[in-house]
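For reference, the structure discussed in these notes is given below.
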Amino acid sequence: GLPAPTALRVDGGMVANDVFCQNLADLTGRPIERPQIIETTALGAAYLAGLGVGLYASTAELAERWRIDRRFDPQISSDERDHRYAGWKEAVARVLTKG
Numbered sequence: 090g091l092p093a094p095t096a097l098r099v100d101g102g103m104v105a106n107d108v109f110c111q112n113l114a115d116l117t118g119r120p121i122e123r124p125q126i127i128e129t130t131a132l133g134a135a136y137l138a139g140l141g142v143g144l145y146a147s148t149a150e151l152a153e154r155w156r157i158d159r160r161f162d163p164q165i166s167s168d169e170r171d172h173r174y175a176g177w178k179e180a181v182a183r184v185l186t187k188g
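In the numbering used here, each residue's number is its place in the sequence shown (first place is 1) plus 89.
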C-alpha cells in the first residue's frame, strides 16, 4: 500500500476556522496544512484552464504555486484521540438512527 501522508492539505471555506483545523489535526493525528488561498476549487479550475491553453507547462509547475498559510500540529494524546473519536462515532450513530 501507500505510505501514510506526513501532513494533510485542506481547502474550502471551513478551513478558515482555526478551531476546526486544530480539531482535525488532533483527531487525525496528522499535521494539517492550510493554504494561503483557501478557495482552491475555483483556483484549480482556472489552473487547469491555463494548463489547457499553454499558460502553464505542467501540473508540477502548478503544484509549485501552492503556499502554506499555517500548519496545525496534533496536540492531544492517542488516548484522548481514541476517546473523542468514540464520542464522534456515537453522535453519528444517534443522528442516523433518529433521522
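For each residue, glycine too, the CB sits at the ideal point set by N, CA and C. None of these values were measured; they are calculated from a predicted model.
What number of angstroms, rounded off, separates the C-alpha of residue i from the C-alpha of residue j?
i, j, result
"Gly-101", "Gly-141", "24 Å"
"Glu-179", "Leu-185", "10 Å"
"Arg-156", "Gly-133", "14 Å"
"Ala-175", "Thr-148", "39 Å"
"Tyr-145", "Ala-138", "9 Å"
Rounded C-beta distance between residue i and residue j? I'm assuming under 8 Å.
i, j, result
"Pro-120", "Asp-171", "Pro-120 to Asp-171, Cβ: 19 Å. No contact."
"Ala-96", "Ile-127", "Not really, about 16 Å apart at Cβ, beyond 8 Å."
"Arg-98", "Glu-122", "5 Å"
"Gln-125", "Asp-158", "5 Å"
Span of the alpha helix (DSSP H) holding residue i?
i, result
"Asp-115", "107-117"
"Glu-150", "148-152"
"Glu-169", "167-187"
Starting from residue i, trace the beta strand (DSSP E) both ways and give me its first and last residue.
i, result
"Asp-158", "157-161"
"Pro-124", "121-124"
Can residue i be considered in contact with the ligand GTP, in the sense that its beta carbon sits closer than 8 Å to one or more heavy atoms?
i, result
"Gly-102", "The ligand GTP is not part of the structure shown, which contains no ligands of any sort."
If the criterion is Cβ atoms closer than 9 Å, does the pair residue i and residue j meet it?
i, j, result
"Leu-151", "Tyr-136", "yes"
"Ala-93", "Gln-164", "no"
Quick one: is residue i near chain D, going by C-beta distance under 9 Å?
i, result
"Ala-180", "Considering every chain present, this structure includes no chain D. It has just one protein chain."
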